[in-house]
RNA sequence: GGGCGAUUAGCUCAGUUGGUUAGAGCGCUACGUUGACAUCGUAGAGGUCACAGAUUCGAAUUCUGUAUCGCCCA
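Numbering (the numbering used here), first residue to last: 1 to 1029.
As structure tokens, then:
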């Protein structure tokens, strides 16, 4: 006997093992088949996966399983990403917390060793998560962005770009993370608003002319940066600047609502007052700047110029701004424009360096205090205002980012970016949904050079050896010596002049990993760059490095370009764009044809899921509770075309198993009181032993409950089918001879198969899930299976019913398999035991659902008339049920029913009379044009199909209930009739709307009127009857 | 400041090119358990489609503006 529940806890493991043993997910080069390839967006080994990854990977698996069934050689290539900064940061933080050591204490090799063991641990966990979700990756091809094959690809690419002159070294202002001591990209910086202060300083003017001020006032939120000031700027044309602001404000006022107007007018007045008060002074300063006046920078006693630059805003502060080119991005621009010196005042660890000897060694915070105190002592400190300041924070270390001038390697993006833009504009790469193309093109269009150095130890080390020389001839000699060491494809050397120092740098790039040339290059006095490459550099190569490039493997020839990339929108620029340009550079071909961008999962409060917030849900917790199929089905339903979806998150109380909504408050609490059973449970924040004494609650979402129920429904429908197949004999299905309900099922299967097949190609995951859910539940279970019950009991119909039923279930299993692989596989096995040969022309099916062929949509089975007729039947059933419910007739009672209809409907319904029993607890006693109401009658008219359904209430009558029902019905009818009448009496509607629409309205109005009269008659009769009793 | 998106039932979401009474799941109410399934069945209640204009005979749907929320970029 088959159990009445699908027990995923015992079933899923063995199923996965069988697939694995049979090599179902392994793909090989098969020239006679068309390839379909997906490379996984490699998850970071920094941490475990949450439901965002769950969604991403479920969708990929749906695609790959469907394509595999469709006969493609389907390869889903798995792997993980080393995630340079993130992973090193995690390991370093642990090192500090647990052993109070820094990376410098243990050294490069030991740190990298520790990160490798971290990687091993998390890679294992991630792969385990994917496997439990049922992901049918080709595990034999598992890759890691830092493995040898990927390293070879990185090396080959870097060398190629270097040789093409697309890699150069430059000083740039970078986002410096003083904790991790590395530059981070803009994308790894998050701006937060903090409370801070706005300090006003006075810088003395050197030798002011008569009438000129003795001091210039500036203001800053970061006082310590004044140590690196190299100028003070004033606007070159303050009066014009004021005029421009006034013009803009007036423009806004003209368009503003009354409410905003007064506020804007106040702003305008303020600007005017300011102009009156300050314009003369600012113009004088402008003249002083033109005249070359200098200021004395206090504390460091450096002469700095007063310059005219538009960065100074007359409307803000004193109208003058200090310029610190080495520590502020805007000031850097001013420095470039005005050729100012750039003085770096920071050591890599964020302490003040020897550029300001009096402050050397102080941290930024200490220096800030000291500078303010010293300026006050010197009488140069003005007001200190409170102010909200925007502060850049490192995503990785959560410490403040310092703009910092450093040597970095860059990839010149001009040509590369253009090629990636062209690939999308020309349609070689399709981004779906299309709206994401804009962001991609805009970002690439800026063609900003890509800084690829990271001052880290975890990553691909930059393969450049360098040295600096005073004389160009000397540098050229070294270049010549290095170039002679190997062929031009092995070694490349360049000289780069440094304008600032007047020195000459020699850069030598080596092509091979562990090249024998390394010691020779080092013997020339060159040193290898200590930095590693940005992680995205190696992930940019992922679609081809994983297939063996730079080797010309047969896998590469066969599986590349890949078919589809499935990812989330936050890395369209960081990753997708870079894969496109690297694929084009290295292979001359785009890496994939379709980029499908799926939604981002938010929690119930609309916030992104993350482990650090506590709202991250581990797919394993959901699988433990609801099963892998429920997880997958639930996630697939979320994948609509929108960009965010909300998934409320709950704790599952370990005592009573009730779900407790997660709120912003309780999600960071170490222990929570269960509101249902009043017991306590702990959370991921539990720290003390006291907390840990309470059992820990899993974090899940009830959204998966529906899906779990669906799995159960499917299981039980299959169980019914299986229980009735003991004497099954395969026989061809002859459509012409089948009764209505069978032909209806085949017609619906044809449509559903077509829709689902199209849905896969159009990435309509949610719609597919809905179509299959509705079909399986509302049609296959609620109607087909119910109708099959009496037929299976009838010996003359049993065999044909078994064949169609087995075929229907078979098709449903195949269509559902990509979304719910485990339960469908399990049923498939049972079905195979009883009906190993099945189908329209019975044939032996494959051993696994996973390897079964995808159903074909039989267009010839689609029959509109049949579907319309069947829906008439469904309407009649619905009418009987409504009457029964309104009369509170007990389900075990069978009610006599009379159906007044035309001859055609009579012919249709006559053979289906016996199904009224199981579907509506009714017995049809009269059917056709002559069917009459009963003496004690409950009627329901179905005017759209010209039928009336009557139920004999002789034994059941509840006059009050019936009157209530009829009067409610009458009310609805009257309302609808009024609406229609007013519509049709509107001359505009009648004359302007298309005639068929008007005609339809007229018809439906007359139907409603007929119905109203009949209901009124029923009410009167009933009232009479009630009063006569 | 710019871009993208969202706003529909208590909650989470559908809603095709404008056209009957705007749908589903969960939750809620009532009734119901004799072999597919209570992880179920049947019926029901529940909506000013964020707001304001415009276009149209007709707008959840098209356009403009506003508000709120989220994300990305500066």
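Backbone N, C-alpha and C fix where the C-beta goes; we use that ideal spot for every residue, glycine too.
Check, Outcome
"Minimum C-alpha distance to residue 40 - residue among 64, 605, 17, 47", "64"
"Bridge-paired residues (DSSP) for residue 899", "927, 949"
"When 867, 992, 167, 832 are compared against residue 508, the one with the closest alpha-carbon", "167"
"Which residues DSSP lists as bridging residue 566, in chain order", "596"
"Boundaries of the beta strand (DSSP E) in which residue 176 is found, first to last residue", "167-177"
"Contact check, residue 931 vs residue 895, beta carbons under 8 Å", "no"
"Straight-line Cα distance separating residue 510 from residue 464", "7 Å"
"For residue 538, the first and last residue of its enclosing alpha helix (DSSP H)", "535-539"
"Residue 328 classed as buried or exposed, judged by whether at least 16 other C-beta atoms fall within 10 angstroms", "buried"
"Environment of residue 715 [buried if 16+ CB atoms lie within 10 Å]", "buried"
"Under 8 Å between C-beta atoms of residue 1012 and residue 984", "no"
"The region 476-490 / the region 553-569 touching (three or more Cβ pairs under 8 Å)", "no"
"Neighbour-count burial assignment, residue 316, 16 or more Cβ in a 10 Å radius", "exposed"
"Reference residue 614; option with closest CA among 670, 307, 161", "670"
"Three-way DSSP call (helix, strand, coil) for residue 150 in this model", "helix"
"Residue 234 burial status per 10 Å Cβ neighbour count (16 or more: buried)", "buried"
"Span separating the alpha-carbon of residue 58 from that of residue 789", "36 Å"
"Buried or exposed (CB count within 10 angstroms, at least 16 for buried), residue 113", "exposed"
"Local Cβ density within 10 Å of residue 104, reported as buried at 16 or more and exposed below that", "exposed"
"C-alpha gap between residue 621 and residue 124, whole angstroms", "17 Å"
"Whole-Å CB distance - residue 765 paired with residue 636, under 8 Å assumed", "5 Å"
"CB of residue 650 within 8 Å of CB of residue 700, strictly", "yes"
"Runs of alpha helix (DSSP H) wholly within the region 617-664 (minimum 4 residues, chain order)", "619-626, 628-638"
"Nearest to residue 755 (by Cα), restricted to the options 746, 767, 401", "767"
"Residue 371 versus residue 453: straight-line alpha-carbon distance, rounded", "33 Å"
"Neighbourhood of residue 545 by C-beta, 6 Å cutoff - its chain only, sequence neighbours within 5 removed", "150, 153"
"DSSP state of residue 414 mapped onto helix, strand, coil", "helix"
"Opening and closing residue of the beta strand (DSSP E) in which residue 82 lies", "No beta strand (DSSP E) holds residue 82; DSSP gives it neither H nor E."
"Residues of its chain near residue 431, where Cβ-Cβ distance is below 6 Å and the 5 sequence neighbours each way are ignored", "437, 595"
"Short Cβ contact (8 Å threshold) for residue 88 with residue 115", "yes"
"Buried/exposed call for residue 642, threshold 16 Cβ in 10 Å", "exposed"
"Residue environment, residue 723, which counts as buried when at least 16 other CB atoms sit within 10 Å", "exposed"
"Coil, strand or helix - residue 404 by DSSP", "strand"
"CB contact flag (residue 95, residue 601, <8 Å)", "no"
"Endpoints, the beta strand (DSSP E) within which residue 698 is located", "698-700"
"Option in 678, 812, 627 with minimal Cα separation from residue 703", "627"
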